[in-house]
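Trainee: Can you read through this structure? Questions will come right after.
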Amino acid sequence: MKVGVLGAGQLARMIALAGYPLGVDFIFLDPSADACANR
1 MKVGVLGAGQ LARMIALAGY PLGVDFIFLD PSADACANR
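Sequential numbering from 1 applies to the sequence shown in this note's numbering.
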């Protein structure tokens, strides 16, 4: 499953960390190049 997330802050990163072990792929949309979920 692929999930799109608007914004890539700390909450988006925590969602991704919880979803990766379940096999979920994430796409983040954020205008900031140094967004938290980009790491």
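For glycine and all other residues, C-beta sits at the position ideal for the given N, C-alpha and C.
Among residues of its own chain, excluding the 5 on either side of Gly4, which ones have a beta-carbon nearer than 6 angstroms to its beta-carbon?
Mentor: Counted from its first residue, the sequence shown places residue 4 at position 4. Answer for Gly4: Ile27, listed in chain order.
Trainee: Which same chain residues end up closer than 7 angstroms to Val24 when comparing Cβ atoms and leaving out the 5 residues on each side of it in sequence?
Mentor: Within the sequence shown, residue 24 is the residue found at index 24, counting from 1. These residues qualify, in order along the chain: Met1, Val3.
Trainee: Whole angstroms is fine: what's the gap from Gly9's alpha carbon to Ala35's?
Mentor: Walking along the sequence shown from the start, residue 9 turns up at place 9. Walking along the sequence shown from the start, residue 35 turns up at place 35. Rounded to whole angstroms, Gly9 to Ala35 spans 6 angstroms at the Cα level.
Trainee: My assumption, with CB atoms under 8 angstroms, is that Ala12 sits in contact with Ala37. Please give the rounded CB distance.
Mentor: As a working mapping, residue 12 is identified with position 12 in the sequence shown. As a working mapping, residue 37 is identified with position 37 in the sequence shown. The pair is a contact, with the Cβ atoms about 4 angstroms apart (cut-off 8 angstroms).
Trainee: Compute the Euclidean distance between the alpha carbons of Leu22 and Asp30, then round it to the nearest angstrom.
Mentor: Numbered from 1 along the sequence shown, position 22 holds the residue referred to as residue 22. Numbered from 1 along the sequence shown, position 30 holds the residue referred to as residue 30. If you take the alpha carbons of Leu22 and Asp30, they lie about 24 angstroms apart.
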